[in-house]
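Written out below as structure tokens is the structure these notes cover.
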Amino acid sequence: MAFAPATNATTSIAAAAAMALKPQCAGRQPISRAARCRAAAALTAEGCASTSAIAAAPVAPRRGARRTPSVAGMWRQLQGCDDWEGLLGLDGPAPALLSEVARYGELVDACYKAFDLDRASRRYLNCKYGKERMLEEVGMAGAGYEVTKYIYAAPDVMTVPTMEASTSGRGRWIGYVAASTDEMTRRLGRRDVLVSFRGTVTPAEWMANFMSSLEPARLDPCDPRPDVMVESGFLSLYTSADKTCRFGGAGSCREQLLREVSRLVDAHSSSSSKKPGEEVSVTLAGHSMGSALALLLAYDLAELGLNRAAPVTVFSFGGPRVGNAAFKARCDELGVKALRVANVHDPITKLPGILLNEATTGVLRPWRASCYTHVGVELPLDYFSARDPAAVHDLGTYIALLKKPAAAAEAGGGVVGKVLDFVGRQRAGAFQWQYAAVQMGGLVQTLGLI
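Residue numbers for the sequence shown follow full-length UniProt numbering, beginning at 1 and rising by one.
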């Protein structure tokens, strides 16, 4: 393996989210684009300046020991307040960044380990465990997060009847929302609200991935911005409501997320007579299709102005493109922070838009504005194995590569074997049906999405 070159809100964010979910906007005055951008820029500049001051302050190292910056002392930089400047060098990403990104990858991997694909189970397409003990059951008791809500999504697509006859319109468990514990909050330097999304597993989700046409996002009903377009399948998964409300589903994936995220940020950032308000971050992490949902949520939060109460960051693992050039431009304008962890040999990161994308030049250049375009900063990885080609997209592989940066410096033919052995050990305790499903889904996407 080698690394490729490379303030307080003025209004309650829960109230803002509730307003955003209303079908009509009569009487509501939307925040102007300029005001949103000024507020976001001021918040980012203030946070980065304070973080830079902390990082630049002289620290007396202990005798015989080398001091490294703590996560708490540089958390805004790790969350991308300055687009990870200085953390992605030619000699490889900073160890603190690799460690944090790998940690979030493992919190996404928990979704695969907990997802029930047993058709005979009463929890089919749901999480196997209650939210109080889910992380413990998948071997992450010390993760430092408490799960507060499960999230369900129901793509509004038709599937082959024999593939999923009994699940039409049913919400599938897509991930969870969690908040850092008091102990983890002290280590991180802030209260972290986490949303974790799994990738493609079910036939309906595969069909949603095939819907590669662009469609206006229209997530802010007061300012629809028809030029800002996203992949119709991802948008369907994000906005379609669960028609059965089984397993605790309550409205669309979007509605569930906006309510819970805003509730947690309000609860932890607001001061009271019992406790002062805390610094809060919102971290959205996902693999494959899940990274697309994470980016849609980040854009949604920023478009609604909710990222002024807490910085919002996306950690994407093996994620596809989500929208067009106008979508990227709007995300940049709103200050959406996204770190794309991408294996250069992973075909899913090149989809949709494998032929027409942000790199399009020559006679096709005039069409580039309507092409799919990646959002955010890339953290490139370089790994391929002829013995297991599907591993290029496997989340376990991504995590293993992030944890073993030293392999890039090793020479000789044994490097690939050592990495493969490490990946194998990481995946040994995983549930093979989940991994087989996501790998097959990746291959289907490769063949079907252009």
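The beta carbon of each residue, even a glycine, is placed where N, CA and C say it ideally should be.
Compare the Cα-Cα distances from residue i to each of the options and report the closest residue.
i    : options                   : result
T185 : S213, R330 and Y145       : Y145
R254 : Y238, W75, D242 and A267  : Y238
V108 : A96, G396, G323 and L117  : G396
S316 : N126, A94, S196 and R76   : S196
S180 : E231, V201, P224 and R103 : R103
C331 : N343, G318 and D300       : D300
E279 : A302, G286 and N307       : N307
T283 : V193, E231 and I399       : V193
N324 : H393, L88, V138 and L214  : L214
G286 : I174, P224 and C222       : I174
L351 : S240, E303 and G233       : G233
R133 : A153, Y176 and A96        : Y176
A72  : L88, A96 and L87          : A96
G318 : A302, D394 and A390       : D394
R76  : C222, E136, S240 and V312 : V312
Whole angstroms are fine: how far does the CA of residue j sit from the CA of residue i?
i    : j    : result
L98  : W84  : 12 Å
L297 : L90  : 31 Å
L188 : S291 : 23 Å
S281 : I151 : 19 Å
P226 : E333 : 16 Å
K275 : P380 : 42 Å
S70  : R191 : 16 Å
G353 : G335 : 24 Å
V314 : F327 : 15 Å
P320 : K337 : 16 Å
R340 : A120 : 37 Å
L293 : R387 : 31 Å
G305 : Y124 : 37 Å
D220 : A250 : 20 Å
A411 : D182 : Confidence at A411 is low in this model, with a pLDDT of 29, below 50, so the placement of that residue should be treated as unreliable; the coordinate-derived value is given next. Using only the alpha carbons, I get a separation of about 43 Å.
T162 : L117 : Note that T162 scores 42 on pLDDT, short of 50, meaning its location in the model is unreliable and no value can be drawn from it.
K403 : G105 : 11 Å
N343 : L295 : 18 Å
Y383 : H345 : 7 Å
C371 : L257 : 28 Å
I348 : G80  : 24 Å
V101 : V138 : 19 Å
L78  : H268 : 21 Å
A400 : V392 : 12 Å
S262 : A94  : 31 Å
D242 : N126 : 13 Å
V230 : P224 : 13 Å
S385 : A153 : 33 Å
G303 : S270 : The displayed chain sequence assigns Glu, not Gly, to residue 303. So the alpha carbons of these two residues sit roughly 22 Å apart.
M140 : L87  : 27 Å
Could you name the residues that DSSP lists as bridge partners for residue i?
i    : result
I174 : DSSP lists no partner for I174.
D192 : S281
P380 : A342
I151 : G175
S385 : None, per the DSSP bridge assignment.
S180 : Y145
Taking residue i and residue j to be in contact with their CB atoms under 8 Å, please state how far apart those CB atoms are, rounded to whole angstroms.
i    : j    : result
C111 : R172 : Wrong, their Cβ atoms sit about 11 Å apart, outside the cutoff.
V322 : V375 : 7 Å
P155 : S252 : Their Cβ separation, rounded to whole angstroms, is 11 Å, which puts P155 and S252 out of contact at 8 Å.
V147 : A178 : 5 Å
A310 : V265 : 5 Å
D143 : K128 : Inspection of the sequence shows that residue 143 is occupied by Ala rather than by Asp. Actually they are not in contact, since the Cβ atoms of A143 and K128 sit about 17 Å apart, beyond 8 Å.
T200 : S288 : 6 Å
K131 : E260 : At roughly 12 Å, the Cβ-Cβ gap does not stay under 8 Å, so K131 and E260 are not in contact.
Against chain B, with Cβ distances strictly below 8 Å, would residue i count as a contact?
i    : result
V392 : You won't find chain B in this structure, because it holds only one protein chain.
Quick one: does the C-beta of residue i sit closer than 7 Å to a heavy atom of the ligand HEM?
i    : result
M184 : No copy of the ligand HEM occurs in the structure displayed, which carries no ligand at all.
Q | Runs of beta strand (DSSP E) wholly within the UniProt domain "Fungal lipase-type" (195 to 354) (minimum 3 residues, chain order) | A | Unbroken beta strand (DSSP E) stretches of 3 residues or longer found wholly inside the UniProt domain "Fungal lipase-type" (195 to 354): 214 to 216, 229 to 231, 280 to 287, 312 to 317 and 337 to 343, given in chain order.
**Q.** alpha helix (DSSP H) segments (min. 4 residues) lying fully within the segment 80 to 148
**A.** 95 to 114 and 134 to 137
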